Structure formats: structure tokens, C-alpha cells
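Beneath this line is the structure, given in C-alpha cells, with notes to follow.
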Amino acid sequence: MRQVTRLCWALLGMLFIFSGLVKLNDPVGTAYKLEEYFEVFSADVPALSWLFDPLHNASRFLSIALSSLEVILGVALLIRWYLRQTLLALLALLVFFAFLTFYSAAFNKVTDCGCFGDFIKLKPWTSFFKDLFLLGLWLVVFFNQKHLRHSFLRGTAALMAMTFASALTIGIGVRALGHLPYFDFLPYKVGNNIGQLMKPAEAPRYRYTFERAGKTMEAEQFPTDSTWKYKTMTVLNPLQSTPVVTDFVITDPEGNDITKQVLTGNKLLLIVQNTNKADRERFSDFNKLFEEAGKSRKHIEVLTITSTAAGKFDSFRHDVNLATPYAFADATVLKSVIRSNPGLVVLHNGTVVAKYHYHDIPALYQVEKALQ
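Numbering follows the UniProt record's numbering, in which position 198 of the sequence shown is assigned residue number 198; successive positions increment by one, without gaps.
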């Protein structure tokens with residue numbers, strides 16, 4: 001039992017650290033997921049909207065806090081620092097996550113729990129069973145603590161290690177919150193061609209089911225014998241025949257689809273997801289960059305893309321003196337394109353060659369270098 005306990009202890013600690021670090025890589029994405037949960041709870045339990053609405057507004061703080069706590073408790077478990085108290089804190093997190101994943105699965109409310117960010121996508125029931133597995137590991141460790149009595153660090157050394165781990169963990173999250181994720185796992189990452197991702201990897205293949213006189217037949221082609229009656233159809237390669245990007249659609253103010261034009265040539269796109277939450281102080285720097293880009297020999301076309309309603313955005317762009325042409329896209333798409341509001345995306349014939357947070361507005365030469 002000693003070896004089993006130690007295996008469960010190591011797995012539990014490492015999985016918590018891994019889960020927390022993946023979320024801290026993209027705390028904005030984690031915050032979006034928390035907002036989705038709070039919106040669902042507020043709608044399903046109106047009597048508690050007074051609680052969920054403030055939590056919704058504090059989603060970015062909670063993103064850093066909960067993700068950091070996962071890592072910190074994982075480290076504490078691995079060095080066996082205050083083992084019993086650490087395990088009880090881990091149990092609270094496990095019960096909380098298990099409730100979220102069960103609620104998602106049972107009521108089909110949030111189709112992706114975000115347990116491992118965008119690095120590993122899990123279906124709701126898979127996420128719930130993953131939490132049950134972690135609870136199983138916890139039970140083995142908790143009821144066999146006698147096999148883990150030796151602490152690797154004690155006293156001042158343990159306190160210093162935990163302080164360092166906590167500061168490093170929180171620092172990783174805070175930096176990612178104020179810039180872009182360290183690693184981009186979304187379809188719009190640098191190097192990807194959006195146009196290519198809008199096409200399926202291969203043509204769909206089907207299996208058809210036919211019936212005749214109480215008998216059933218399956219085939220990948222329609223039979224020449226017309227007495228067989230078609231019943232159902234199954235796609236054999238759903239993943240390969242479905243494009244990675246299915247909702248990237250850009251429309252101009254008149255409602256015309258200009259997606260192809262956006263994915264052609266050199267484009268400098270300003271993404272303004274939501275004018276209510278956009279950082280307005282950066283627009284003087286944006287405007288300076290756009291003016292310089294208009295004179296570039298790279299023939300850079302500047303375009304602003306937003307999900308805000310036309311009338312509201314028109315008022316906003318006058319407030320910030322934004323003189324670029326503008327177009328519209330779905331809010332969820334723009335959140336996936338870049339974790340910054342506003343943010344810059346540089347395209348060359350549909351390939352993402354650079355992305356910039358509003359804290360890291362580039363000089364024109366950097367944009368031109370990315371387009372080489």
C-alpha cells in the first residue's frame with residue numbers, strides 16, 4: 001500500500017500543478033470560462049444573482065486566485081508541507097470543480113469546463129469523471145497519510161520554498177493577464193493560416209443504413225437494388241471533415257461578407273471586442289501606428305474589427321479619434337482571435353504573422369519585419 005499511496009500522492013500533486021499552470025498561461029481565457037459559469041448560475045438561480053453578478057465582475061481576479069491556488073497546493077502536497085491541512089484544502093477545490101463539471105454535464109450548460117484551458121479540450125462528462133478520478137487519488141492519500149510522514153522540507157526552508165512558489169505562480173499569471181498567453185493553443189495562433197483552417201482536412205465519408213423486409217444493411221454506397229430503403233446516415237470521419245475554424249466571418253457596415261478580402265494581402269487588424277471594456281488610453285499610440293502604416297511600402301491595409309453594435313461603435317471611434325475603416329465579427333470569435341481588448345493582429349494572405357497586446361503596441365518596423 002505504501003507504493004500505491006506514494007504513486008497517488010505524486011499524481012495528485014503533479015496534476016494540480018499542471019492544471020493550474022495551463023490556466024495561468026491564459027488567465028483571460030480562464031476568466032471567460034468563469035464568466036460563462038456565473039452567467040449560467042445567475043440565470044438558473046435568480047435569487048442568488050446578487051452573489052453571481054459580483055463574482056462575474058471579479059472573474060479575472062478569481063482566474064488568477066483559483067489557478068494559483070491549484071499550483072500552490074500542488075507544490076505543498078509534493079513537499080508534504082502541512083499535509084493534512086493541504087489535503088483538506090485540495091478536497092474543497094475538488095468538490096467545487098466536481099460540482100461545476102457535474103452541473104455542466106447533467107444540464108448541458110457549459111460544454112467545456114476549461115479544466116486544462118485550451119490545451120486539452122474535455123467533454124462535460126469526461127471532465128466530471130476526471131474529477132472523480134482525482135477524488136479517488138485524494139481518498140487513497142488522505143487515508144494512508146502514515147506512508148507520507150516524512151516531509152521533504154520543514155521550518156524556515158519549507159516556508160521560503162512555499163513563498164517562492166507562491167510568488168512565482170502569481171507572477172506568471174499576472175504577467176499573462178497584462179500581455180498575451182505564453183503559449184497560444186487557439187486556431188488563430190501565430191503561424192496558422194485562417195483561410196486554410198476554414199477548409200476541411202478531407203472530404204466527408206458516410207456509412208448508410210438500409211432496411212428491407214425486416215433486414216438491415218450498412219454500406220458506404222447506395223445499393224443498386226432500389227428495394228432497399230434508406231434509414232440513417234453516419235459520418236465516418238467527423239473530425240477530419242469538419243473545418244477547425246467555422247465561424248470566422250467578417251462583414252462591413254452594409255452587411256456584406258468581406259472575409260476573403262480580409263484574408264488577402266497585408267493586413268493590420270485592430271480588434272476591439274467590447275467598447276465598454278476597451279482600454280481607451282492606448283488609442284493615441286494606435287492612431288500613430290496606423291498613420292505610419294498607411295505610408296509603408298509593404299502596402300499594409302489597416303482595418304478595425306469589432307463586435308459592438310454599429311451606432312455605439314461609431315460614437316466610440318469618434319471619441320478616440322479612430323479613423324480606420326471598420327467591420328464586424330462575432331464577439332466569441334474575437335475573444336479567440338486575441339486575448340486583448342483592444343489588440344493587434346498582423347496577417348499576410350490570411351496567415352497570422354504577429355499578435356500584440358495593447359500593453360505591447362509595436363513600432364512600424366516590427367510590423368514590417370513580421371510581414372517579411
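C-beta: ideal position from N, C-alpha, C; glycine also. All values derive from a computational prediction rather than experimental measurement.
Beta carbon of residue i nearer than 7 Å to that of residue j
i                 : j                 : result
leucine 347       : serine 307        : no
glycine 155       : leucine 77        : no
alanine 310       : proline 253       : yes
glycine 171       : leucine 24        : no
isoleucine 258    : isoleucine 250    : yes
arginine 282      : valine 320        : no
alanine 105       : phenylalanine 128 : yes
phenylalanine 142 : leucine 87        : yes
phenylalanine 52  : serine 67         : no
leucine 269       : valine 345        : yes
leucine 148       : tryptophan 9      : yes
glycine 74        : phenylalanine 16  : yes
proline 27        : alanine 176       : yes
Inter-residue Cα distance where the pair is residue i and residue j
i             : j                 : result
proline 342   : proline 223       : 56 Å
threonine 275 : valine 337        : 16 Å
threonine 332 : leucine 289       : 26 Å
aspartate 184 : valine 352        : 12 Å
threonine 264 : phenylalanine 18  : 39 Å
glutamate 211 : threonine 242     : 29 Å
alanine 219   : glutamine 145     : 57 Å
lysine 267    : leucine 180       : 20 Å
alanine 327   : phenylalanine 313 : 10 Å
arginine 205  : histidine 299     : 43 Å
glutamine 273 : alanine 329       : 9 Å
glycine 294   : arginine 80       : 59 Å
Top-ranked residue by Cα proximity to residue i, from the options
i                : options                           : result
valine 235       : Val140, Ala370 and Tyr208         : Tyr208
glutamine 240    : Leu87, Val249, Leu197 and Arg282  : Leu197
proline 200      : Thr246, Leu344, Lys231 and Trp228 : Thr246
glutamine 221    : Ala363, Ala92, Ala213 and Thr232  : Thr232
phenylalanine 99 : Gln85, Leu122 and Leu132          : Leu132
proline 238      : Ala203, Arg212 and Pro325         : Ala203
phenylalanine 97 : Arg84, Leu134, Ile64 and Val75    : Leu134
asparagine 193   : Leu177, Gly350, Ala89 and Lys369  : Gly350
With 16 other Cβ atoms within 10 Å as the buried cut-off, status of residue i
i             : result
serine 226    : exposed
arginine 2    : exposed
serine 340    : buried
glutamate 70  : buried
valine 4      : exposed
tryptophan 50 : exposed
threonine 169 : buried
histidine 150 : exposed
Which parts of the segment 214-262 are runs of the beta strand (DSSP E), unbroken and 3 residues or longer, counting only runs that do not cross its ends? 215-219 and 229-235
In chain order, what are the residue ranges of uninterrupted alpha helix (DSSP H) at least 4 long that sit wholly in the segment 257-335? 259-262, 283-293 and 310-319
Taking only runs of the beta strand (DSSP E) that begin and end inside the UniProt domain "Methylamine utilisation protein MauE" (4-142), which ones reach a length of at least 3 residues, in chain order? none
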